[in-house]
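Chemist: Be aware that the sequence shown starts at -7, since it is given in our numbering, and climbs by one per residue. Beta carbons are placed, not taken as given, at the ideal position from N, Cα and C, and that holds for glycine.
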Amino acid sequence: MTDKSAICRLPNHSGIIRALTDDDIVAATAIYAHHVETGTGSFETVAPSVKDMAARFAELRNAHYPTLVAVNADELVMGFAYAGPYKPRAAYKHTVEDSIYIHPDHMGMGIGRALLISIIDQARLQGYKQMMAVIGGSDNHGSIKLHASLGFTLIGTAQNIGFKFNDMVDVVFMQRDLETDE
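#1: Does the stretch 117 to 132 come close enough to the stretch 73 to 92 to have 3 or more Cβ pairs within less than 8 Å?
#2: Determine the DSSP secondary structure at K(-4), reduced to helix, strand or coil.
#3: Is M101 near S6, with beta carbons less than 8 Å apart?
#4: Return the chain-ordered ranges of every alpha helix (DSSP H) run that is complete within the stretch 71 to 154 and spans a minimum of 4 residues.
#5: Inspect the beta-carbon positions of A39 and Y24 and report whether they are closer than 8 Å.
#6: Just to confirm, is the Cβ distance from L68 to I(-1) under 8 Å?
#7: Expressed to the nearest angstrom, what Euclidean distance is found between the alpha-carbon atoms of H95 and L142?
#8: Using the rule of at least 16 other Cβ atoms within 10 Å of the residue's Cβ for burial, across every protein chain shown, is T30 buried or exposed?
#9: Could you tell me whether the Cβ atoms of S110 and V164 are closer together than 8 Å?
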């Protein structure tokens, strides 16, 4: 691990945040699969393959969206985050949606917060004006609290619009203005 590739250091000097590379895709896929299979943070019901995730990350990177990983000194991926298009229509071109996924062994260590701060900073540097958080599950208190602590405002909750694990699931919408310092 070299500091030249670091966007920022993680809390307690436990690693760095840097741009996601092809070498990170297998680990990121495993982290994402865990969240698909165990939670409502993603509304996918079947975990995508490494090939599918590689294509998704390539599409994001080719469109110049920020894609980041948090790694420890051994380059073990502890989490990843990216900003992607909020909606495909042209009028949304200045708005991005964030996504953050943390390895279950590394939750509660400040990694999600560091990744979200970095994604906000990278999106701001790239000229985006607004960031949306589309949070699966109104009971996803960790994600809601994290976003609120970093200046996201609750826009509303769409009730019972997803179906996962044999239950209807809400979606919480939060928004952050990237042109203000919060």
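Modeler: Result, derived from the coordinates:
#1: Touching, yes, given that three or more Cβ pairs across the two stretches are closer than 8 Å.
#2: Its pLDDT being 48, under 50, K(-4) is placed unreliably by the model, and nothing is read from it.
#3: Result yes, Cβ atoms of M101 and S6 sit closer than 8 Å.
#4: 103 to 117, 133 to 141
#5: yes
#6: Taking 8 Å as the Cβ cut-off, L68 and I(-1) do not qualify as a contacting pair.
#7: 21 Å
#8: exposed
#9: No; because the gap between Cβ atoms is not below 8 Å, this pair is not in contact.
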